[in-house]
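Heads up, the thing below is written out as structure tokens.
2 protein chains.
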Amino acid sequence: MIINNLKDKKIILASQSPRRHHLLKSIGVEFDILSRQETDEGFPEDMNVYEVPVFLARKKAKTYENFIAGSTILITADTIVHVNNKILNKPTDYDDAVKMLKTLSGNMHTVITGVCITTKNKQKCFNAETHVYFDVLDDDEIHYYIDKFKPFDKAGAYGIQEWIGYIGIKKIEGSYFNVMGLPVQKLYEELKLL
Amino acid sequence: MIINNLKDKKIILASQSPRRHHLLKSIGVEFDILSRQETDEGFPEDMNVYEVPVFLARKKAKTYENFIAGSTILITADTIVHVNNKILNKPTDYDDAVKMLKTLSGNMHTVITGVCITTKNKQKCFNAETHVYFDVLDDDEIHYYIDKFKPFDKAGAYGIQEWIGYIGIKKIEGSYFNVMGLPVQKLYEELKLL
């Protein structure tokens, strides 16, 4: 519905994230999921942090180029958590998750998602940023959250749509859904313009 | 869990809103729902708009005062949508919903929720504000949304957690959950201090 120019297109979302599947579905777009390939998530060390997510989304698109037929629209995305001039990836283990949440506690961090929309003939990439302000979290809260929600598949070791997002986040500036992993309003706008 | 001082208390949420039930549940609090009485939602005409939600939350608490035993904690809340110096209530009919969404389209509005926590001996009330920035919505989008989601029970004629929130909201400043009807982070903080 609504996006008329997508009617004869085949949309592919190349992501394993159930949050991204949910978000794309919520804007009313029909799509297939493809997430067979592992992409090397490396990037040049001297790269500006704001260029990293689009760089990685573009790299992901590259690994799927053989799947792009004439009517295919491929969507790839990469989300990073940036705090104190460092990028937080997915936590490697329990202690790493504790360390990350202690870094976020009482602090502002920025979630940046890069998105690429790729067709046979063109590619449009963009960034979305959201600032997230965590309240001070105490040790009990951090351990309770990690024990119960096991956020090992999430950059920065938290999901804004989980308990810790409800009790711990004072405010955000930007798109909420971007923090979940896909800036759907901007994506919808770009798909309409395609 | 987590909020130890609530262990022997009986929490009552006096609200019919399924969003508020969901939000309070999400912070891990156990509670009963009570929403028998209708509260007159009038307020003094010359009242500052930022005082209205707490005024109404306090008024709601007043109507439930007979239910407050020694160990009871009563939570009442009222949410308003404020735009162009006007308060938007629930839409009266289809045309009113269209009119409201046209007012919000391409515009910033403020969602203010007033919350009161009332016990036998004391009452703590507070406000939370979130600024919401809508993209320009076209007529097709407005009609599609109202037809499909029938937002007649929602102040301002929209739910941020519904399709229109995903495709139409560019950014927010403040708490996302406040826009859904209950600023749960602030409420959690206040309950801990109780």
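Which chain is which? The protein sequence lines are A and B, in order. If you're matching positions, the first sequence starts at 148 in this note's numbering and goes up one per residue. If you're matching positions, the second sequence starts at 148 in this note's numbering and goes up one per residue. Here a beta-carbon is modelled for each residue, glycine too, at the ideal position from N, C-alpha and C. Keep in mind that this is a model prediction, so the values were computed, not measured.
- The Cβ atoms of B/Gly217 and B/Lys154 do not sit closer than 8 Å to each other.
- Ranked by Cα distance from B/His290, the first of B/Ile215, B/Phe202, B/Tyr305 is B/Tyr305.
- Where A/Thr223 is concerned, the enclosing beta strand (DSSP E) starts and stops at 219-230.
- The shortest C-alpha to C-alpha distance from B/Gln332 to any of A/Thr250, A/Lys301, A/Asp282 is the one to A/Asp282.
- Here A/Leu160 is near A/Ile222, since their CB atoms are less than 8 Å apart.
- Note on the segment 240-321 of chain A: whole alpha helix (DSSP H) runs with a minimum of 4 residues are 241-251, 286-296, 310-315, in chain order.
- Counting other Cβ atoms within 10 Å of its Cβ, B/Asn325 reaches 16 or more and is therefore classed as buried.
- For A/Lys317, the CB contacts under 6 Å within the same chain, skipping 5 residues up- and downstream, are Tyr280, Asp282 in chain order.
- The beta carbons of A/Glu276 and A/Ile264 sit no closer together than 8 Å.
- Here A/Glu212 is exposed. Its C-beta has fewer than 16 other C-beta atoms within 10 Å.
- The segment 238-256 of chain B makes no contact with the segment 195-204 of chain B, as fewer than three CB pairs between them are under 8 Å.
- Residue pairing of B/Leu160 in beta bridges, as defined by DSSP: B/Ile180, B/Ile222.
- When 9 Å is used as the limit between beta carbons, A/Ile316 is near these residues of chain B: Ser322, Tyr323, Phe324, Gln332, in chain order.
- For A/Lys233, the enclosing beta strand (DSSP E) begins and ends at 233-235.
- Listed in chain order, the non-local C-beta contacts of A/Glu309 below 7 Å within the same chain comprise Phe296, local neighbours out to five positions each way being set aside.
- Our two residues, A/Lys271 and A/Phe214, have alpha carbons roughly 17 Å apart in a direct line.
- When rounded, the separation of the alpha-carbon atoms in B/Ala244 and B/His256 is 16 Å.
- For A/Asn325, the enclosing alpha helix (DSSP H) has its first and last residue at 323-327.
- At least 8 Å separates the CB of B/Ile158 from every CB of chain A.
- Within 8 Å of the CB of B/Asp282, the CB atoms of chain A belong to Gln332, Glu336, in sequence order along the chain.
- Within the same chain, and ignoring the five residues on either side of B/Gln163 in sequence, the residues whose Cβ sits closer than 7 Å to its Cβ are Ser182.
- Contact of B/Gly189 with chain A by beta-carbon distance below 7 Å is absent, the smallest such distance being about 31 Å.
- Boundaries of the alpha helix (DSSP H) around B/Ala204: 199-210.
- Looking at A/Ile293, A/Ile307, A/Val262, the one whose alpha-carbon comes closest to that of A/Lys206 is A/Val262.
- Judged by beta-carbon spacing, A/Ser173 lies beyond the 8 Å limit of B/Tyr323, meaning their Cβ atoms are not closer than that value.
- Apart from the 5 residues on each side of it in sequence, A/Ile220 sits with its Cβ closer than 8 Å to the Cβ of Leu153, Lys156, Lys157, Ile158, Ile159, Ile264, Thr265, Thr266, Leu338, Leu341 in its chain, given in chain order.
- In this structure, the alpha-carbon of A/Ile311 lies about 17 Å from that of A/Leu235.
- For the segment 170-185 of chain A, the set of positions with a beta-carbon nearer than 9 Å to some beta-carbon of chain B reads Leu170, Ser173, Ile174, Gly175 in chain order.
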